[in-house]
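Protein chains in written order, with the working numbering: chain A, 57 to 332; chain B, 57 to 332; chain C, 57 to 332; chain D, 57 to 332. Notes follow once the structure below has been shown.
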């Protein structure tokens, strides 16, 4: 069970080819942010943009429109209540994130179902936060796509049925296989379960234990998988980068805010891109 | 009557244990911010987050939703006019702040009453600003909880009945005892009256004499008491940290803005955490 | 006709007394900002806060509420369309600013008239921008208060009847006397006409020639006159500080934005306060 | 076919004359930003202001009002749905930008037509993004003004009818001549087709391949052409400055965000202004 190495991350974050354009770096659609939890989808969206996704579109409640633009005018907006439009737009994305701040009410469920039904097997679909809780509760099937779940331990319990105290690798691997998905199980040392392997994130600091961290990670996973062709490596590198930035900031800060991590992403990626 | 010492503060701001998560650092609910005084609850909420509270939820007027997310997307939003929802959510918090920018009209009173009725004796309840004025005016009883009042001198006059010119320790102690609360009496050198002792804050600068300072302090008291188990020490350390940051900034600034103080909290706490 | 000296400015920006509070530094009310020109009143309000005014309240169109809080949560909000409330609140301020982004339509005129009728001779009233244009057009009388006009040359033409080409000191002095006001005549080298003297601002850079500069100056004049007892000196010092900050920034910038000037005010004032 | 030289740029960015004012540096009106694409017009507007345009007014959907003021309070707002007002205000501008985030629906078309009909031959009109797509689709005639098109390669295909694979200089020159316009053809090394010459931009980095880059460039072209009398040189210098700033930032960043470029404009222009 290998630790993630800086070497793997550096191999993944390739030097950008000169002859490229926005389309080269992927189209990301993020879906979430009820009126109560708008900050979550805003942070995820900003993390996608700052990770280098070519084009980012955010489907959220209209009450979050202004805040979205304030934090990240580079992202486009769509009203997530217009489910018909959502369904029509989904095929246009390479990567979809659903869950940050989505909530668990009937409207959330309607949006989640529409999304899961609209995705196809060429798309990467990152399922996070309340979307995991809803899938577990409503026993929704895993969609036919390249699915990445990003649960914390309680959400993983809900999704897999494995109690937190029983969440060891043997049990987790079995559950992951049934999901035909990559699972990022967030904890002090986050583990990534791919189809074949388990990776352990060596970093992470208790300074990160604050609301919004997971939303930020979901956005980074989106940005990385949109750009880098090996999806396993992209997920692993996003997890590593997220906590490595936090570790660095925590040298001077008692608590590290998600928004502070986001602003450092472009600098971290430059420092860790493939060496010439 | 001891001055607060840097040593006490340093003992209080413990090194975070590695194996911890958001829940370890407390759930804070802040209630306030009418349409006219929205900035107050926004600054208090941001101070809570930047002090390291695990999860922060802000109950305020919907007109402040966007500004809240703009300043601190890490905080969650709830409409404080939905008193039924407020009542249901209150038991889920470790620390509650009521008052910053709450106002003193009928709606403010309704929200205040609902809050005071819903809290329980395991919760820390910080009562600030217009909530103090309203409690005094309406003769509302102190709730059965771990109450912390944070009045300035005029609010203390209203609450205790002691005129500003008569606010000496003898009179104040008597009034504090009747309240069964901690009282943070804000002035040039703020005093903290705990059950047993009086602490004097050695710091504080006239550069701080600007609107929003008290709201910021209330949020810091919330963040500190949410994380640190000795409530007296947490309150004392929040007061000390607030003015120590301001003192430092005032070396280069004629006036120190509350929002500037907030951004420095994570750095100050790191520098003053328990030495290894 | 003396240039403003750094010495005069330094004498004016006194060291703040230790035993002071928000009330010591004045209450400023700013009125302006239609739906089209909201940025103007926001910049003026932020300049007031960053100059050190104790408490700042902004009367503006509700469409500007969120932006106001985003830029300066330290300021309180009131809806300027509620003229009755405006009238009631005006006596509570030491300094009033009317004009930045006010516009010149019927609603603007209604608000202007209500303001001018409500002020009293103990108050400082700064009349700026479209409020000057409206007063000239509607031949509104100068109110019985300590009035400060801050016109640019075209607005001064409208107010005084003196064409720009005829705006020399002899003509200007005569017009100023009739107004019983201080006049800040903005141009490349701004002049301040007090009752007895003319002061010339030695600074100023063409890098400042961008929208919002005048609004920022109006807010600084408010903040300075709210704090410093000699009103002539306060106005002069605000004008000097505004362009001195711009001059410094222009060493590295082709254009200097008003918002950049505002952020530097606390630092400039510290560097130029009365020497011990 | 010359590369753009730093020397040409430096000759264009003249030292500002002391005796100047806002009017000296031009009035820019920007039109765009539907509810879904508000960030685009906000970035373009901010780029105009930070490039030094004297006065900037933004016509956009009211849903973008607050975000506009949050990013750039120096810009004025107008509702672009009030087409009558738009038509009346257009003659007051020296430079007009239409297109960033405008969209391609019926309302977009109505606004575009009104704009193209209202401009006159003394005005510079920058046509960008969806405005180009709409003009091509609806076969709208090029207006009688100093028109600058800023298409990327697909938009150029739509406008000129030349397929991307056939977009060589011979074909492009022919198409440009028919348009009686300057064409900025955006790609890895952007080319500027003036009436007489082709200029190649030597800079540009794949770190720029992210949404919002083109909107930012459109705003810079507006700011530069509003200030500098030789329009060809102004366009060329804006293109050069945009990518030169990005190249510099990309030394430390894997991706460069449009908003980061904008903040550097005043510094870049100062460093590259005409030498004394």
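Quick reminder that beta carbons are idealized off the backbone N, C-alpha and C, glycines included.
Interface residues of chain A facing residue i [CB-CB closer than 9 angstroms]
i	result
residue 88 of chain B	None at all; the shortest Cβ gap to chain A is about 17 angstroms.
residue 69 of chain B	310
Contact set between residue i and chain A, taken where Cβ atoms lie within less than 7 angstroms
i	result
residue 74 of chain B	244 and 262
residue 308 of chain D	323 and 326
is_contact[residue i, chain A] using C-beta, thresh 8 angstroms
i	result
residue 258 of chain B	no
residue 176 of chain D	no
residue 359 of chain B	Residue 359 of chain B is absent from the structure shown; chain B starts at 57 and stops at 332.
residue 99 of chain B	no
Any C-beta of chain C under 8 angstroms from that of residue i
i	result
residue 300 of chain D	no
residue 153 of chain B	no
residue 290 of chain D	no
residue 78 of chain D	yes
residue 105 of chain D	yes
Contacts around residue i, its chain only, beta-carbon distance under 6 angstroms, and the 5 residues preceding and following it disregarded
i	result
residue 220 of chain C	209 and 213
residue 321 of chain B	106 and 107
residue 206 of chain C	184, 240 and 274
residue 297 of chain B	324
residue 84 of chain D	104, 109, 112, 151, 278 and 282
According to DSSP, residues forming a beta bridge with residue i
i	result
residue 254 of chain C	C:249
residue 85 of chain C	C:113 and C:152
residue 261 of chain C	Paired residues: none, contrary to the question.
residue 132 of chain C	C:113
residue 205 of chain B	B:183 and B:239
residue 59 of chain D	D:256
Within chain C, partners of residue i - CB distance below 7 angstroms
i	result
residue 134 of chain D	92
residue 329 of chain D	310
Contacts of residue i in chain B (Cβ-Cβ under 9 angstroms)
i	result
residue 120 of chain A	121, 122 and 125
Interface flag, residue i vs chain D, CB-CB below 8 angstroms
i	result
residue 266 of chain C	yes
residue 332 of chain A	no
residue 322 of chain A	yes
residue 95 of chain C	yes
Interface flag, residue i vs chain B, CB-CB below 8 angstroms
i	result
residue 314 of chain A	yes
residue 295 of chain A	no
residue 114 of chain C	no
Close Cβ partners of residue i (< 8 angstroms) along its chain, the five nearest in sequence each way excluded
i	result
residue 243 of chain D	208 and 209
residue 190 of chain C	158, 160, 164, 165, 168 and 196
residue 263 of chain B	302, 305, 306, 309, 310, 311 and 312
Partner residues on chain D for residue i, Cβ-Cβ distance less than 9 angstroms
i	result
residue 240 of chain C	Within 9 angstroms Cβ-Cβ: nothing; residue 240 of chain C doesn't reach chain D, min ~15 angstroms.
Within chain C, the residues that residue i reaches when beta carbons sit closer than 8 angstroms
i	result
residue 204 of chain D	Simply none; closest approach about 21 angstroms.
Under 8 angstroms by beta carbon: chain A residues contacting residue i
i	result
residue 130 of chain B	95, 99, 266, 267, 268, 313, 314 and 315
Chain-ordered neighbours of residue i on chain D, where CB pairs are closer than 7 angstroms
i	result
residue 111 of chain A	267
Contact set between residue i and chain C, taken where Cβ atoms lie within less than 9 angstroms
i	result
residue 108 of chain D	263, 265, 266, 310 and 311
residue 249 of chain D	Neighbours of residue 249 of chain D on chain C: none; closest Cβ ~27 angstroms, over 9 angstroms.
(message) Is it the case that the region 135–147 of chain D contacts the region 63–80 of chain D, given that we only count it when at least three CB pairs across the two stretches are under 8 angstroms?
(response) Flag = no, the region 63–80 of chain D and the region 135–147 of chain D do not touch.
(message) Quick check: the region 298–311 of chain A against the region 118–132 of chain A, are at least 3 beta-carbon pairs closer than 8 angstroms?
(response) They do not touch, by the three-pair rule.
(message) Using 8 angstroms as the cut-off, can you tell me whether the region 235–252 of chain A makes contact with the region 89–109 of chain B, which would need three or more C-beta pairs spanning the two stretches below that distance?
(response) They do not touch, by the three-pair rule.
(request) Give a yes or no on contact between the region 271–287 of chain C and the region 71–90 of chain C, applying the rule of three or more CB pairs nearer than 8 angstroms. (result) Touching, yes, given that three or more Cβ pairs across the two stretches are closer than 8 angstroms.
(request) Evaluate contact between the region 190–199 of chain A and the region 222–229 of chain A, counting only Cβ atoms and requiring at least three cross-stretch pairs below 8 angstroms. (result) Cβ pair count under 8 angstroms is below three, so no.
(request) Flag this pair as touching only if the region 143–158 of chain B and the region 167–186 of chain B have three or more C-beta atom pairs under 8 angstroms; answer yes or no. (result) By the criterion of at least three beta-carbon pairs nearer than 8 angstroms, the region 143–158 of chain B is in contact with the region 167–186 of chain B.
(message) Assess contact between the region 253–269 of chain A and the region 160–176 of chain A, defined as three or more Cβ pairs (one per stretch) separated by less than 8 angstroms. Is contact present?
(response) Not touching, per the Cβ criterion.
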